[in-house]
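Numbering-wise (our numbering), the sequence shown opens with residue 4 and increments by one.
Note that beta-carbon positions come from the ideal geometry of N, C-alpha and C, so glycine has one too.
In what follows, a structure is listed as structure tokens, so that the remarks can point back to it.
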Amino acid sequence: MTDLTEPIASLATELSAILGERGVTTELRAREKASADGSYLSPIITEQLPLGLADIVAFPTTAEQVAEVVAAAVRHGVGITPRGKGTGNYGQAIPIENGLVLDLSKLRGVVEVGDGFLTALAGTPIVTIEQAARESGQQILMYPSTAQSSIGGFLSGGSGGTGSIAHGSNHEGFVLALDVVHATPDARLVHVDGDDAQPYVHTYGTAGIIAQATIALEPLQDWRGLFASFDTFSEAISVIREIGQLEPTPRLVSADLPVLANALPADPGIPKDRASLRAIIDIAAVPAATALIEAAGGRVEEVREGPQTAMKLSMISYNHPIEWLQKSDPGKYFHIEVAGDALVDRIDEVHAVYPGGMLHIEAQKNRPIGMLAGIYESAEKVYEGFDKLAAIGVGVHNPHVWFVDHEVERTLALAESTDPRGLLNPGKLQGKTAAGAGS
4 MTDLTEPIAS
14 LATELSAILG
24 ERGVTTELRA
34 REKASADGSY
44 LSPIITEQLP
54 LGLADIVAFP
64 TTAEQVAEVV
74 AAAVRHGVGI
84 TPRGKGTGNY
94 GQAIPIENGL
104 VLDLSKLRGV
114 VEVGDGFLTA
124 LAGTPIVTIE
134 QAARESGQQI
144 LMYPSTAQSS
154 IGGFLSGGSG
164 GTGSIAHGSN
174 HEGFVLALDV
184 VHATPDARLV
194 HVDGDDAQPY
204 VHTYGTAGII
214 AQATIALEPL
224 QDWRGLFASF
234 DTFSEAISVI
244 REIGQLEPTP
254 RLVSADLPVL
264 ANALPADPGI
274 PKDRASLRAI
284 IDIAAVPAAT
294 ALIEAAGGRV
304 EEVREGPQTA
314 MKLSMISYNH
324 PIEWLQKSDP
334 GKYFHIEVAG
344 DALVDRIDEV
354 HAVYPGGMLH
364 IEAQKNRPIG
374 MLAGIYESAE
384 KVYEGFDKLA
394 AIGVGVHNPH
404 VWFVDHEVER
414 TLALAESTDP
424 RGLLNPGKLQ
434 GKTAAGAGS
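This is how it looks when you write it as structure tokens:
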């Protein structure tokens with residue numbers, strides 16, 4: 004191990020006894036890897052990186068070990084930043100006050116699949132969970148666009164994705180029960196279910212660390228991946244609301260300008276130089292979707308089946324088109340999260356708010372949502388656009404923050420008892436005072 008200061012040296016010794024020598028590290032390369040996530044997607048956050056560097060990284064493989072590690076860190080007064088696979092885009096898993104990174108990526112396994120539910124350890128990849136559900140004749144209600152991310156990461160830092168058209172966000176009936184760990188010297192697994200489980204969702208582990216989750220399942224549907232293209236983006240978005248309202252409800256409906264098609268690897272379903280619309284829809288809705296597309300001047304390029312098709316379409320939804328734009332032009336683009344019917348009805352005005360404005364749009368439960376990209380100039384210029392968008396009826400969510408902005412007061416109230424020393428993901432819950440010491 005590298006030269007360490009107290010209390011990290013003492014914590015490292017104790018964690019080695021709990022996890023074994025391979026279950027804990029203070030090597031610089033491992034600490035650097037554990038201290039980065041997908042926040043490169045935000046040029047505003049990137050300008051402020053590095054936000055912190057882990058002093059020590061632990062890799063528990065059982066839920067019980069999570070509790071033991073947290074208890075040890077609390078006794079040593081070391082802050083604890085939980086981490087799944089690090090696919091979050093906004094610094095949720097970066098240890099901005101150093102300390103311990105609790106890497107849960109080795110905490111894997113589907114524990115039980117029953118009628119209408121599935122229980123899995125926090126580090127289990129979503130794609131593994133979806134496969135287990137499918138083998139039982141069921142499906143999960145939703146999964147994030149990065150399907151390789153972990154269930155714990157999705158619940159702690161995500162909000163929705165494929166399936167949200169029907170089911171909304173992951174704090175709306177998706178979670179049935181959780182086993183969580185609070186930051187106390189005698190930490191143990193605490194089982195919470197129903198309404199009591201919801202305050203731990205989308206709060207970055209600041210009130211408790213998710214070790215195991217039970218989520219809702221529904222009967223398996225026969226999904227198809229539909230690929231369509233249009234001469235213009237206006238034609239493509241003219242039908243996105245109608246397709247999103249088809250019955251049975253689609254799992255995903257996305258549309259983009261030709262810029263995305265030109266940035267993606269060649270695919271006959273997404274022809275170059277044309278606006279693209281992609282959807283995951285029930286086989287029974289394919290004829291109606293086709294009729295809507297053709298009536299709007301578009302054409303259905305392909306209809307594909309199989310879970311791999313659905314995963315492919317998920318990986319070019321939500322934030323992912325922005326990633327493709329950044330790959331094609333590194334450092335050029337930023338994005339913000341937007342919502343409202345004005346995304347369709349006033350698209351030219353929406354695009355005009357930022358230089359190089361480009362909307363990626365998703366059908367959603369109540370109204371369209373999207374990621375509005377533009378050419379990055381400065382953080383100030385990004386924020387100046389918020390009022391302009393509001394004036395034309397577009398709701399804006401600022402993604403360029405690493406602190407909790409969901410049910411903050413509720414989370415602060417819960418954390419008073421579950422994290423009295425302010426050691427859980429320090430700095431991510433504004434208003435929570437850290438009493439512990441890092442290094």
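- Judged by pairs of C-beta atoms under 8 Å, the segment 97-104 does not touch the segment 207-221, as fewer than three such pairs exist.
- Following the DSSP letters along the chain, one finds valine 69 inside the alpha helix (DSSP H) bounded by residues 66-78.
- For tryptophan 405, the three-state secondary structure derived from DSSP is coil.
- Glycine 155 carries a helical assignment under DSSP once its states are collapsed to helix, strand and coil.
- For leucine 220, the CB contacts under 7 Å within the same chain, skipping 5 residues up- and downstream, are Gly119, Phe120, Leu121, Ala136, Gln141, Gln142, Ile143 in chain order.
- Restricting attention to Ala366, Gly166, Ala342, Phe337, the CA atom closest to the CA of isoleucine 47 is found in Phe337.
- Residues Lys109, Leu110 of the same chain have their beta carbon placed closer than 7 Å to that of threonine 64, with the five preceding and five following residues left out of the count.
- Taking the CA atoms as reference points, proline 128 sits about 15 Å from valine 116.
- Judged by DSSP in its simplified three-state form, isoleucine 21 adopts helix.
- Between the alpha carbons of alanine 61 and leucine 22 lies a distance of about 8 Å.
- Beta-bridge partners of threonine 165 (DSSP): Tyr146.
- Taking the C-beta atoms as reference points, glycine 82 is found no nearer than 8 Å to leucine 362.
- Contact between leucine 192 and alanine 75 is absent: CB atoms are separated by about 15 Å, not below the 8 Å threshold.
- In this structure, DSSP gives leucine 103 an extended state, which the three-state scheme calls strand.
- In the same chain as histidine 409, and ignoring 5 residues on each side of it, the C-beta atoms closer than 7 Å to its own belong to His205, Thr206, in chain order.
- As for any beta strand (DSSP E) of minimum length 3 sitting wholly inside the segment 239-316, the runs are 255-259, 278-285, 302-308, ordered along the chain.
- DSSP places isoleucine 218 in the uninterrupted beta strand (DSSP E) bounded by 212-222.
- Of the residues assessed, serine 139 falls on the exposed side of the cut-off, its CB having fewer than 16 other CB atoms within 10 angstroms.
- The shortest CA-to-CA distance from isoleucine 273 to any of Asp285, Pro358, Ala239 is the one to Ala239.
- DSSP, reduced to helix, strand and coil, places arginine 227 within a strand of the structure shown.
- In the three-state DSSP reduction, alanine 123 falls in the strand class (E or B).
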